[in-house]
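> Protein chains in written order, with UniProt numbering: chain A, 1 to 208; chain B, 1 to 208.
Even glycine gets a Cβ: it sits at the ideal position worked out from N, Cα and C.
Please read all numbers here as calculations on a predicted model, not as lab measurements.
Protein chains: 2
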Amino acid sequence: MPERLTRVAHLFARLPGVGEKTAQRFALFLATADEEVARDLGTELATLRDHVRPCDRCGNIAELAEGAQPDEPVRCAICRDERRDKALLCVVARVQDLLAIERSGVMRGKYFVLGRLLSPLDGISAEDLPLERLRRIVKDPEAPVSEVLVATPPSVDGEATALLVAREMASLGARVTRIASGVPHGGDLEFADQVTLGRAIEGRKSFG
Amino acid sequence: MPERLTRVAHLFARLPGVGEKTAQRFALFLATADEEVARDLGTELATLRDHVRPCDRCGNIAELAEGAQPDEPVRCAICRDERRDKALLCVVARVQDLLAIERSGVMRGKYFVLGRLLSPLDGISAEDLPLERLRRIVKDPEAPVSEVLVATPPSVDGEATALLVAREMASLGARVTRIASGVPHGGDLEFADQVTLGRAIEGRKSFG
Numbered sequence: 001m002p003e004r005l006t007r008v009a010h011l012f013a014r015l016p017g018v019g020e021k022t023a024q025r026f027a028l029f030l031a032t033a034d035e036e037v038a039r040d041l042g043t044e045l046a047t048l049r050d051h052v053r054p055c056d057r058c059g060n061i062a063e064l065a066e067g068a069q070p071d072e073p074v075r076c077a078i079c080r081d082e083r084r085d086k087a088l089l090c091v092v093a094r095v096q097d098l099l100a101i102e103r104s105g106v107m108r109g110k111y112f113v114l115g116r117l118l119s120p121l122d123g124i125s126a127e128d129l130p131l132e133r134l135r136r137i138v139k140d141p142e143a144p145v146s147e148v149l150v151a152t153p154p155s156v157d158g159e160a161t162a163l164l165v166a167r168e169m170a171s172l173g174a175r176v177t178r179i180a181s182g183v184p185h186g187g188d189l190e191f192a193d194q195v196t197l198g199r200a201i202e203g204r205k206s207f208g
Numbered sequence: 001m002p003e004r005l006t007r008v009a010h011l012f013a014r015l016p017g018v019g020e021k022t023a024q025r026f027a028l029f030l031a032t033a034d035e036e037v038a039r040d041l042g043t044e045l046a047t048l049r050d051h052v053r054p055c056d057r058c059g060n061i062a063e064l065a066e067g068a069q070p071d072e073p074v075r076c077a078i079c080r081d082e083r084r085d086k087a088l089l090c091v092v093a094r095v096q097d098l099l100a101i102e103r104s105g106v107m108r109g110k111y112f113v114l115g116r117l118l119s120p121l122d123g124i125s126a127e128d129l130p131l132e133r134l135r136r137i138v139k140d141p142e143a144p145v146s147e148v149l150v151a152t153p154p155s156v157d158g159e160a161t162a163l164l165v166a167r168e169m170a171s172l173g174a175r176v177t178r179i180a181s182g183v184p185h186g187g188d189l190e191f192a193d194q195v196t197l198g199r200a201i202e203g204r205k206s207f208g
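#1: What alpha helix (DSSP H) runs, 4 residues minimum, are completely inside the stretch 6-70 of chain B?
#2: Under 6 Å Cβ to Cβ from residue 217 of chain B, same chain only, skipping five residues before and after it: list those, please.
#3: Mind checking A:Leu121: buried by the 16 CB within 10 Å criterion, or exposed?
#4: Return yes when at least one heavy atom of the ligand SAH lies under 7 Å from the C-beta of A:Gln194, else no.
#5: Within 8 Å (strictly less), CB to CB, does A:Arg25 reach chain B?
#6: Which chain A residues sit within Cβ distance under 9 Å of B:Pro54?
#7: So, is the C-beta of B:Thr152 closer than 8 Å to a C-beta in chain A?
#8: Can you look up B:Gly115 in the DSSP assignment and give me helix, strand or coil?
#9: Counting beta carbon pairs with one atom in the stretch 35-52 of chain A and one in the stretch 87-99 of chain A, are three or more of them shorter than 8 Å?
#10: What residues from chain B crowd round A:Gly19, counting only those whose CB sits closer than 7 Å?
#11: Between the beta-carbon of A:Cys90 and the beta-carbon of A:Leu149, is there less than 8 Å?
#12: Run through chain A and tell me which residues come within less than 8 Å of B:Thr161, C-beta to C-beta.
#13: What's the call for B:Glu44, buried or exposed, on a 16-neighbour Cβ count within 10 Å?
#14: Are A:Val74 and A:Ala62 close, meaning C-beta to C-beta below 8 Å?
#15: Quick one: measure Cβ to Cβ for B:Val183 and B:Ala200, integer angstroms, because I've assumed they're closer than 8 Å.
#16: Would you call A:Lys205 buried or exposed, if buried means 16 or more other Cβ atoms sit within 10 Å of its Cβ?
#17: Kindly list, in the order they appear in chain A, the residues whose Cβ is closer than 8 Å to that of B:Gly42.
#18: Residues of chain A with CB closer than 8 Å to the CB of B:His51, please, in chain order.
#19: What is the C-beta distance between B:Leu41 and A:Leu5, in whole angstroms, given that I count them as a contact (C-beta under 8 Å)?
#20: Do we get a CB-CB distance below 8 Å when we pair B:Leu99 with the residues of chain A?
#21: Mind listing, in chain order, the continuous alpha helix (DSSP H) runs of no fewer than 4 residues lying wholly within the UniProt domain "Toprim" (87-184) of chain B?
#22: Give me the DSSP bridge partner(s) of A:Leu85.
#23: Quick check: B:Val106 and B:Asn60, are their CB atoms within less than 8 Å of each other?
#24: Below 8 Å on the Cβ atoms is my guess for B:Phe112 versus B:Cys76; work out the distance and round it to an integer in Å.
#25: I'd like to know if A:Ala9 contacts chain B, where contact means its C-beta is closer than 8 Å to some C-beta of that chain.
#26: Assess contact between the stretch 21-37 of chain B and the stretch 24-42 of chain A, defined as three or more Cβ pairs (one per stretch) separated by less than 8 Å. Is contact present?
#27: Using a Cβ-Cβ cutoff of 9 Å, what residues of the UniProt domain "Toprim" (87-184) of chain A are near chain B? List them in chain order.
#28: Taking C-alpha atoms, which residue in B:Ala166, B:Val176 and B:Gly158 lies nearest to B:Ser146?
#29: Using CA atoms only, rank isn't needed, just tell me which of A:Arg83, A:Arg108, A:Ile78 and A:Pro153 is closest to A:Val115.
#30: Identify whether B:Val74 lies in helix, strand or coil by the three-state DSSP scheme.
#31: Would you call B:Val156 buried or exposed, if buried means 16 or more other Cβ atoms sit within 10 Å of its Cβ?
#32: Please name the residue in B:Lys110, B:Gly158, B:Asp85 and B:Ala27 whose C-alpha comes closest to that of B:Ser181.
#33: Given a cut-off of 8 Å on the beta-carbon distance, is the pair B:Leu164 and B:Leu134 in contact?
#34: With the cut-off set at 8 Å, would you say B:Asp85 and B:Arg103 are in Cβ contact?
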């Protein structure tokens, strides 16, 4: 393979879930497909970060305003939305999770994206999470947060992260809640795993 | 999601095997990862096709010489290699297959990349294959091809394509051969499928 194509494959391999073989396949495809395919993608990506960045406040994706100054703080559409309930803050692991919750249409508060979960196996500890930034938002005197809803996934790492966030928020006077875990809507009890069923029973609620 | 990110996701979805979800994941990753990740990939891709193109002769990947004229014919390293046997032409479906055969170190001839296989289900018929270009190479009076080795995969579409190529080459005076199909090296007979075993037996050879 030409050296330039190997370089492209290496860059593709940085994408999540893309191994060496897949990266090589992408590179070969772009070297032989219609020229615009590579050029269009390249042009968009080269300037992507001049237009889209993480929100300085919550970590969600934010689109930069036309003619924004480089030192101007970046704010996402949700952080800028004045109709949103500032007293309710939903903590998620990834932007994808935020988008999924938004699609449900149930969350009317604001968000905070951790960007990662605690993961001892991958060497990710509490210091690697943006907890100081989260703390500043929760105790902001101009917009105090009364409830922190921790919506990390109900996995081992997600639960550990939820416990950590709950502990960190304890002294700040906000109520800390956790999303419910149980049998998913439309799910079959017969095929639910033991832990899910156990949680569904432990988390049972009274009628009415 | 910001419109620009949706656009990036759409462009990613053109890559082979990348669905909408994966494309969105790539876009979100690049919008939040280190800025260089998006910029480096974008810069390389935007100019990729100024440097790497399909060989006009065989369809293999070719690197353009520094300062090459736009109307200059593009030739890959294998087509330019004078030590290669011009009388032996190996016909493959994809550049990946060519690279795999090159790694075996056994093929000393030249190649021809079809780019695709016959596939009635996908609406790909004989007219969609570069058979005219193949014919011109085989009957080139300056470097006539004496053997056309058809190395399309031993699948339904691969076999149909091999038959078509054999029929097209029949009148040109070249011998047409097909790669052997059978139990792979290191493979276990117990776990070989029926068709593979059948071919291994039909294609049996005498000792010595």
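So, to answer that:
#1: 20-32 and 35-51
#2: This structure cannot speak to residue 217 of chain B, because chain B is shown only from 1 to 208.
#3: exposed
#4: Looking for the ligand SAH in the displayed structure turns up nothing, as the structure carries no ligands at all.
#5: yes
#6: Ala31 and Thr32
#7: no
#8: coil
#9: The stretch 87-99 of chain A, when compared against the stretch 35-52 of chain A, does not touch it at the 8 Å Cβ threshold.
#10: What A:Gly19 touches in chain B: nothing, since even the nearest Cβ is about 12 Å away.
#11: yes
#12: The CB of B:Thr161 never comes closer than 8 Å to any CB in chain A; the least such distance is about 18 Å.
#13: buried
#14: Contact: yes.
#15: 5 Å
#16: By the C-beta density criterion, A:Lys205 is exposed, having fewer than 16 other C-beta atoms within 10 angstroms.
#17: Leu41, Gly42, Thr43, Glu44, Leu45, Ala46, Thr47 and Leu48
#18: Pro2 and Arg4
#19: Between A:Leu5 and B:Leu41 the Cβ distance is about 13 Å, and since that is not below 8 Å, they are no contact.
#20: It does: the Cβ of B:Leu99 has a partner Cβ on chain A nearer than 8 Å.
#21: 95-104, 131-138 and 156-169
#22: A small fix is needed here, since residue 85 of chain A is Asp in this sequence, not Leu. Paired residue(s): A:Gly109.
#23: no
#24: No, B:Phe112 and B:Cys76 are not in contact; Cβ-Cβ is about 11 Å, not under 8 Å.
#25: Among the residues facing chain B, A:Ala9 is not included, as its CB has no counterpart in that chain under 8 Å away.
#26: no
#27: Arg94, Val95, Gln96, Leu99, Val113 and Gly115
#28: B:Val176
#29: Strictly speaking, residue 115 of chain A in this sequence is Gly, with Val absent from that position. Of the listed residues, the one whose Cα sits closest to A:Gly115 is A:Pro153.
#30: Correct three-state label for B:Val74: coil.
#31: exposed
#32: B:Gly158
#33: no
#34: no
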